[in-house]
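See below for the structure under consideration.
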Amino acid sequence: MKRTDYLSWDQYFMGIALLSAQRSKDDHTQVGACLVNDQNKILSVGYNGMPTGCNDDDMPWERDGEPLDTKYFYVCHAELNAILNYGGGSLDGARVYVTLFPCNECAKAIIQSGMKEVIYMQDKYADDDMTVASKKMFDMAGVTYRQFEPKDQTIELHL
Ligand SMILES: Nc1nc(=O)n([C@H]2C[C@H](O)[C@@H](COP(=O)(O)O)O2)cc1CO
Ligand SMILES: [Zn+2]
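All the letters of the sequence shown, read from the start, carry residue numbers 819 to 977 under my numbering.
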């Protein structure tokens, strides 16, 4: 008999984004992203972290303080990492599953790389100008975005 409680594509890819987020060293916000093509093949994954070669232990993870002593100048966002991690050529027409709505900088990278759809989970910075700017650019550029609809399915991983 065919299983009925298998994961939908959306659940599968958002699940991979959520698992990727668990690699983040950021103690306040962990973000994961998964890029998928129109044949539902995974192209790339990423999470928010310091640039390669910048030691996690030597970099600041603070949110407040002198700008140079906070994480914001340094950390590479999950979406940008996923885009840059893709070694296979064009991302034209791809979609991105991301656990937090993209910032304006990642929105630009998403648009410029030719991606067409954003599926996001949280939108906790919806009122921030960066998110308003992201949506403005997505709307103008014809990149659609929709919030992931949780099916209340729990998966336990014993790692
Ligand atoms: N879409 C995003 N992707 C990301 O990877 N990030 C990262 C950058 C930081 O490491 C963290 C946000 O830090 P905080 O301001 O919530 O403590 O999440 C943030 C956003 C929000 O725009
Ligand atoms: Zn970003």
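All residues carry an ideal CB built from backbone N, CA and C; glycine is no exception.
Could you name the residues of the same chain whose beta carbon sits closer than 8 Å to that of F811, not counting the 5 residues immediately before and after it, in chain order?
Here the chain covers residues 819 to 977 and nothing more, so residue 811 does not appear.
Identify whether C921 lies in helix, strand or coil by the three-state DSSP scheme.
coil
Assigned secondary structure, G907 (DSSP; H/G/I helix, E/B strand, else coil)
coil
Reference A912; option with closest CA among Q848, P968, I937
I937
Under three-state DSSP, which class holds L853?
strand
Per DSSP, what kind of secondary structure is L886 in: helix, strand or coil?
helix
Under a criterion of Cβ closer than 7 Å to any non-hydrogen atom of ligand 2, which residues qualify, in chain order?
H895, E897, L898, P920, C921, E923, C924
For V916, the nearest candidate out of D856, Q848, D945, S826 (CA to CA):
Q848
Beta-carbon proximity check, K843 vs G871, cutoff 9 Å:
no
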